[in-house]
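For reference, each letter of the sequence shown is one residue, going 0 to 359 in numbering that gives the first Met the number 0. Ideal Cβ positions, reconstructed from N, Cα and C, are used throughout, including at glycine.
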Amino acid sequence: MENKKELRNWIDAFGLPHPLVIAGPCSAETEDQVLKIAHQLKDTDATVLRAGIWKPRTRPGNFEGVGALGLKWLQRAKEETGMLTATEVANATHVRLALEHDIDILWIGARSTVSPFIVQEIADSLQGTDKIVLVKNPVNPDLPLWLGAVERLYSANIEKLGVIHRGFSTYEKTRYRNNPEWQIPIELQNRFPDLPLILDPSHIAGRRDIIFDLCQTALDLSYDGLMVETHFDPDNAWSDAKQQVTPDRLVQIMSDLKIRKATDTEAEYRNALGTLRTQIDVIDHQLIEMLGKRMKVADKIGALKKEKNVAILQTRRWNEILGKMILEGEQNQLSEEFVLRIFKAIHQESINHQEKILQG
């Protein structure tokens, strides 16, 4: 897929003074619920009403959506409020029904993006459509797979394309439902700066209290929009209750967000610098997390050495580590002196951890 300015046309056409905001319930539950939320959102910064019609759940037995009936509710909400509408599609039948009900934005979910077969089926059924089509990142951190899905749609002559960053599954327990892995959308931005990028903080967070922080990070990284799950009674929502916010809370979030505006050369410089600094902040956070994980492994090694009465310092092993890291440092344009300083400090901290365990 070529990087073309035309990819931005659809989002620039909104002419908004702020990022595009897509909001609405995780799931369409009843007609009254959809209409009530739509009317609460129509005078906010939200331009698009979203609602899940078909809800693929990880395990059976949970609410899996009302189905095609909910599309009529979205149609009525659009007629009454003037908001655009959006929903997820996962096969050709979903696409046909969504088009028949004049849904404005279709998105492909994370579980669908992982399958080239599903994406191709959707692309074929959307051939040449003028609808906006957004692609969520795949469940696992795989940038080529994410871009591959976009390329299949682009090859089907779909011109209004964008991507949604909703985080990635991990076997490790973190503060997020889905780890953001910011470096992946950052790399996507670097390679395709004209491909609109939207954050889904609800699915990354899994809880409403950190949604604002995620939105602010996204804006600092020059994202083009936000998709925030919104419900008038989040605690009693039929799906993903913990991650939805009320329309009033959405208004407050949008009011509190700091949005950089480029109006002159100096502002453009500050914006570019701010984006790069945010990228560094993200990477620094990841470095601290990884160092913490490394020390937890060192603690386990210390416990094992204590059990077997083995000395902390293993010179041969340490020299092997240094040799490998110096070589890897060279491949990443890092000087030998820098690598030695960093790993000597890491090694000393590891020894400190193990000494506490042996002396405990």
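The beta-bridge partner set that DSSP reports for leucine 83 consists of Val47. Per DSSP, glutamate 5 lies in no alpha helix (DSSP H) segment and is marked neither H nor E. As computed with DSSP, alanine 22 is found in a beta bridge with Leu48, Val227. Distances from the CA of glutamine 313 to each of Glu79, Phe337, Ile350, Ala37 were compared; the closest alpha carbon is that of Ile350. For isoleucine 163, the secondary structure class from DSSP, reduced to helix, strand or coil, is strand.
Counting only runs of 4 or more residues that sit fully inside the region 211–297, the alpha helix (DSSP H) segments are 246–255, in chain order.
With distances taken between CA atoms, serine 238 lies nearest to Lys54 out of Lys54, Arg49, Trp9.
Put simply, the backbone Cα of valine 132 is about 16 Å away from that of histidine 100. For isoleucine 107, no alpha helix (DSSP H) run applies; the uninterrupted beta strand (DSSP E) run containing it begins and ends at 104–107, by DSSP.
Distance from the CA of arginine 293 to the CA of leucine 144, rounded to the nearest whole angstrom, comes to 29 Å. Here valine 227 is buried, its C-beta having at least 16 other C-beta atoms within 10 Å. DSSP, read as helix, strand or coil, puts asparagine 178 in strand. Ranked by how close their Cα comes to the Cα of threonine 46, the residues Ala240, Met324, Pro246 have Pro246 in first place. Of the other Cβ atoms in all chains shown, fewer than 16 fall within 10 Å of the Cβ of asparagine 90; this residue is therefore exposed. The beta carbon of proline 192 lies closer than 6 Å to none in the same chain, with the five residues before and after it left out. By the Cβ rule, the region 215–223 counts as touching the region 271–291, because three or more pairs are nearer than 8 Å.
In the displayed model, valine 113 falls within coil according to three-state DSSP, outside both helix and strand.
Note on geometry: alpha-carbon atoms of leucine 303 and valine 33 lie some 57 Å from one another. In this structure arginine 165 is in contact with asparagine 177, their Cβ atoms being roughly 6 Å apart against a cut-off of 8 Å.
With contacts defined as CB atoms closer than 8 Å, alanine 85 and isoleucine 104 qualify as a contacting pair. Relative to the Cα of glutamate 335, the nearest Cα in the group Ile345, Lys323, His346 belongs to Lys323.
Threonine 173 counts as exposed, since fewer than 16 other beta carbons sit within 10 angstroms of its beta carbon. Lysine 135 sits in a strand when the DSSP states are folded into three classes. Annotated three-state conformation of leucine 194 is coil, per DSSP. About 28 Å separates the Cβ atoms of arginine 276 and glutamine 242, ruling out a contact at the 8 Å cut-off. Separation of isoleucine 157 and glutamate 171 (C-alpha to C-alpha, rounded to the nearest whole angstrom) is 37 Å. A buried status is given to arginine 151, since no fewer than 16 other beta-carbon atoms sit within 10 Å of its beta-carbon. For threonine 92, the enclosing alpha helix (DSSP H) covers residues 91–99. Rounded to the nearest angstrom, the gap between the Cα atoms of leucine 19 and glutamine 358 is 57 Å. Rounded to whole angstroms, the gap between the alpha carbons of alanine 240 and histidine 202 is 11 Å.
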